[in-house]
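This report concerns only the one structure given below.
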Amino acid sequence: MGAGRLYGVGLGPGDPELVTVKAARLVERADVIAYHSARHGRSIARSVAEPYLRAGQIEEALVYPVTTETTEHPGGYRGALDEFYAECAARLAAHLDAGRDVVVLCEGDPFFYGSYMHIHKRLSHRYTTEVVPGVTSVSGAAAVLGRPLVERDEVLTVLPGTLPPDELARHLEGADPAAVLKLGRTFGAVREALDSAGRLDEAWYVERATTDRQRVVPLSEVDPESVPYFALAVLPSRVAAVPPPSVAATRQDGHGEVAVVGLGPAGREWTTPEAQAVLAEADDLVGYGPYLDRVPPNPRQRRHPSDNTEEAARAAYALDLAAAGSRVAVVSSGTRVCSRWRARCWRWPPSPGTRTCRCVWCPGSPPPRPWRAGSVRRWGTTTACCPFRTGSSRGTSSPSGSPPPPAPTWSSPSTTRPRAPGPGRWRRPATCFSNTGRRTRRWSSGGT
């Protein structure tokens, strides 16, 4: 039996759907799956590859002897790691000699600051070896930022955050676009270097790019104690930072605009195309903080979060921004709430969203005609009134035309006060459950 083959397989920055077709095929067919981890045993690479693993594969966990802690090894930190990589190579060589194909899983790309390269250097001259490239963290960060990373004749500089602050600052000061990797405990020094180089204001912090835990904020706003190892600083293309001519003209002539945008009740698929278009064109986003968090980050835009009790102040602030020539999107959940804006705006282009209670119609029977939905916070305030024939067409499919989501197990509570009996009047109390599981009351139609 001949020797097995060694594969260094890049899995991308974290989203399992960014694993290449070739990488997925090799992971599925491998006899041995190897991956690096700290002493806690958790491996990001293995979690990304998990959808492609099969039963019966041999797993080799390559556990680092040290990460950020000190070591008593005679050769120090570097000596401890050299010995570790030699032991890893020997373990994998035993599988290769037995004729087993070995895949070493790698976050990002194997040859882009990857641990696999240390095994590759020790084994590639002895065994048939193949490296499968993956999407790098820098590419993933640029994608979630929504900004070109490098354009035209710009030169991209990639730096490790482990460099001394003065050396980092020297590289950054004369660089075009740049990325600084390996943050974590080095974040304070990296921030200091960016400040010294005069580039702190253009730096963006991207954490766990492309995963469901990703975080994108201006680097100057980051708490150093919250920074994990898998985070990087990005200074995008300066060419891309120039405002489009339409935006520049709008600001110069002083004629801004305020648009009130409803995001819909759930994920992005429930945000209407009209609302998405308004959000994409806006210069400033104003709204309740948790609602703004639902809008994908756009480095070109400024965000102005506030408390949910500050509607009047929020309206005045948005109008001040528009008076200065900015395109302002006031962000609301569900559909847009207009009471504060009708009295204050000289121009009011609303972009309606989808109400939670309309989505509830999908799995259940239609509401009576007419129906009435009330505000939970303001007892007796009617916030919508729509006949079934009109509303049902909105509640049975998403705005994008995709099938509706799975049936929820709750219904939207209504708190409209009962009225006198009669056709179409609301008088009979009924019981339903809210999404929190609490029992609430609603008022059924007089005819039901």
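Reading the sequence shown from the start, the letters are residues 1 to 448 in full-length UniProt numbering.
Each residue gets a CB set at the ideal place from its N, CA and C atoms; glycine is no exception.
This one's a predicted model, so the numbers in the text were calculated from it and none came from an experiment.
For residue 284, the number of other beta carbons within 10 angstroms of its own is at least 16, and it is reported as buried. Counted as a single uninterrupted DSSP element, the alpha helix (DSSP H) harbouring residue 122 occupies residues 116-123.
In the structure shown, residue 105 adopts extended strand secondary structure according to DSSP, grouped into three states. If you draw a 10 Å sphere on the C-beta of residue 257, you find 16 or more other C-beta atoms in it, and that means buried. Between residue 217 and residue 136, the alpha-carbon positions lie close to 20 Å from each other. Contact between the region 163-176 and the region 189-201 is present: three or more C-beta pairs spanning the two stretches fall below 8 Å.
The region 76-88 makes no contact with the region 14-32; the number of CB pairs closer than 8 Å stays below 3.
Residue 309 counts as exposed, since fewer than 16 other C-beta atoms from the protein chains shown sit within 10 angstroms of its C-beta. By the Cβ-count criterion, residue 107 is buried, with 16 or more other Cβ atoms from all chains shown falling within 10 Å of its own Cβ.
In the three-state DSSP reduction, residue 289 falls in the helix class (H, G or I). Within the model, the alpha-carbon separation for residue 126 versus residue 177 is close to 40 Å. The alpha-carbon separation between residue 71 and residue 86 amounts to approximately 17 Å. Beta-bridge analysis with DSSP links residue 204 to 218 and 234.
Within its own chain, the residues whose Cβ lies closer than 8 Å to the Cβ of residue 7, once the five positions on either side in sequence are excluded, are 26, 30, 101, 102, 103, 104, 129, 130, 131 and 132, listed in chain order.
Annotation note: the region 19-69 contains the following uninterrupted alpha helix (DSSP H) runs of length 4 or greater, listed N- to C-terminal: 21-29 and 44-49.
Ranked by Cα distance from residue 282, the first of 11, 294 and 261 is 261. Rounded to the nearest angstrom, the gap between the Cα atoms of residue 288 and residue 321 is 17 Å. Exposure of residue 99 is indicated by the presence of fewer than 16 other C-beta atoms within 10 angstroms of its C-beta. The criterion of a C-beta distance shorter than 8 Å is not satisfied by residue 156 and residue 236. By the beta-carbon neighbour count (other beta carbons within 10 angstroms, threshold 16), residue 109 is buried. Residue 157 sits in a strand when the DSSP states are folded into three classes. By the CB criterion at 8 Å, residue 181 and residue 113 fall inside the cutoff.
Per DSSP, residue 7 is one residue of the beta strand (DSSP E) stretching across 6-10.
Counting along the chain, residue 140 sits inside the alpha helix (DSSP H) bounded by residues 137-145. If you draw a straight line from the Cα of residue 331 to the Cα of residue 275, it is about 10 Å long. Per DSSP, residue 17 lies in no alpha helix (DSSP H) segment and is marked neither H nor E. In the DSSP assignment, residue 181 forms a beta bridge with 160.
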